[in-house]
Amino acid sequence: MTILIEQPEFEGGIGERNKGPVDENELVLDGGFVVPETMPDEGFVAPDTNSFGHTFSRDYHVESERQNGVEEFYRTNHINQTVDFVRRMREEYGKLNKVEMSIWECCELLNEFVDESDPDLDEPQIEHLLQTAEAIRKDYPDEDWLHLTGLIHDLGKVLLHPAFGELPQWAVVGDTFPVGCAYDESIVHHKYFLENPDYKNPVYNTKYGLYSEGCGLDNVLMSWGHDDYMYLVAKENKSTLPSAGLFIIRYHSFYALHRADAYKHLMNEEDIENLKWLKIFNKYDLYSKSKVRIDVEEVKPYYLSLIKKYFPTKLKW
457 MTILIEQPEF EGGIGERNKG PVDENELVLD GGFVVPETMP DEGFVAPDTN
507 SFGHTFSRDY HVESERQNGV EEFYRTNHIN QTVDFVRRMR EEYGKLNKVE
557 MSIWECCELL NEFVDESDPD LDEPQIEHLL QTAEAIRKDY PDEDWLHLTG
607 LIHDLGKVLL HPAFGELPQW AVVGDTFPVG CAYDESIVHH KYFLENPDYK
657 NPVYNTKYGL YSEGCGLDNV LMSWGHDDYM YLVAKENKST LPSAGLFIIR
707 YHSFYALHRA DAYKHLMNEE DIENLKWLKI FNKYDLYSKS KVRIDVEEVK
757 PYYLSLIKKY FPTKLKW
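My numbering applies: residue 457 is where the sequence shown begins, and numbers increase by one.
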C-alpha cells in the first residue's frame, strides 16, 4: 500500500519554502521548497568529525588500517555480487520465513553489530539509526514518515545475525549498484569488477544489459544487501510508508545514483520524484554519524508510536 506525501510549509532550515525564482542548480521538491546543494547555516549542521574523531570525507583511498580493510571488503563484494547470486538471495530471503519480530525488537538485535564497510562509524548500529532519525526530526518535524525511515533504513543488517544465516559483511553492507548491466566507473573501487564473472558476459556488460530505457528501478536487480532486504520486508509486510520511504530504504547506499547521477537512464518518473527525497535523506544518513549520544529511553515512545502507525505489530523477516 502506498500513501501520498502531503507537502507542509517549512520555516527555516533545509526545507525553507522558496517564494522567489528558482535557481536551476538547486533541488526543488514538488511542494515548492528548495533544498540547497550545500548545507545552510540554519537547520541540520554536519559535525566536524566522525565517530573516529576524523573529518567526514567518505574517502576510500586514504591510507590507514581501517581504509585498507574497507578496500578489501569492496574487492570481495565486487567479485561476488553477480546476477545469479542476487537472484538466489532474493529468492531465499524473499520468503520472509526466518523470524517474526517487531521493528523495535529488530533495532535492539541490530545493536550487536558494527558495519565494516563504513569508514566513518564504529558505534553500534542503533546509535546511528537514532542519530539519523533525530537529526531529520529536528529539521522536518511534520514528516513523521521520514523520521521513521531514518530509524529503520539499516535494519536489514540483521542479515549478519546467525538467525538470518550470518551472511558475510560483503553480502550485507557497503555501496550498492545494479547488476545485469555495465558497472559505472563512479562505483567505489570499480577496478575489482574486472574479476566479477558478469564483467565479460555480453548479456550483462552493456549500458542497458537486462533492462531498458526508463524501465524503473523497481525492475532493476541491485547488488544484494541490507537495503534490498529491508525493502522486501517493508513491502511484503504491507507497510504504509509512502513510496519515497520505500525508495530511500532500497537505494540509500546507491551512491553511484545519488552522488554521481549514474544509471538515471533506467529511472521512471516516480523514481525521479523519489530521488529528491533520497538526496535530502542522504545528508542526514552520512553526516549525523558522530559521538553525540541519543537517550534511547527518552525517544523510544515517539518511535514506537510511528512504528504502530506504519507497520504491523509483528513482521515476518
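Every residue, glycine too, gets a C-beta built ideally from N, C-alpha and C.
All of these numbers come straight from a predicted model, not from anything done at the bench.
Residues of its chain near residue i, where Cβ-Cβ distance is below 7 Å and the 5 sequence neighbours each way are ignored
i: Ala718; result: Asp640, Ser642, Ala712
i: Leu623; result: Leu615, Leu616
Chain-order list of residues whose beta-carbon lies under 6 Å from that of residue i (same chain, five-residue window excluded)
i: Thr532; result: Trp626
i: Trp733; result: Ala700
i: Ile592; result: Leu602, His603, Gly606, Tyr740
The alpha helix (DSSP H) enclosing residue i, as first and last residue numbers
i: Pro624; result: No alpha helix (DSSP H) contains Pro624, which DSSP labels as neither H nor E.
i: Met686; result: 682-692
i: Tyr549; result: 539-549
i: Glu564; result: 559-566
i: Leu702; result: 699-707
i: Ala712; result: 711-714
Identity of the residue in the options nearest residue i by Cα
i: Glu556; options: Phe620, Tyr707, Asn536; result: Phe620
i: Phe649; options: Ala638, His617, Phe767; result: Ala638
i: Tyr758; options: His584, Trp601, Asp610, Lys772; result: Trp601
i: Asp598; options: Leu762, His609, Met686, His534; result: Leu762
i: Ala589; options: Arg546, Asp751, Thr696, Asp727; result: Asp751
i: Lys756; options: Arg544, Lys735, Cys563, Pro698; result: Cys563
i: Val696; options: Phe541, Thr605, Glu547, Glu583; result: What sits at residue 696 in the sequence shown is Thr, not Val. Thr696 has its Cα closest to that of Thr605, out of Phe541, Thr605, Glu547, Glu583.
i: Lys647; options: Lys770, Val659, Glu527, Lys772; result: Glu527
i: Gly672; options: Ile704, Leu666, Glu725; result: Glu725
i: Tyr740; options: Phe529, Leu566, His584; result: His584
i: Asp595; options: Glu753, Lys770, Ile736; result: Ile736
i: Leu749; options: Phe767, Asp684, Ile582, Val676; result: Per the sequence presented here, residue 749 reads as Arg, with Leu not at that position. Taking only the C-alpha atoms, the option nearest Arg749 is Ile582.
For residue i, the three-state DSSP class (helix, strand or coil)
i: Pro597; result: coil
i: Lys756; result: helix
i: Lys772; result: strand
i: Glu527; result: helix
i: Pro634; result: strand
i: Glu556; result: strand
Below-9 Å beta-carbon distance, residue i vs any chain D residue
i: Arg715; result: The structure shown contains no chain D, having only a single protein chain.
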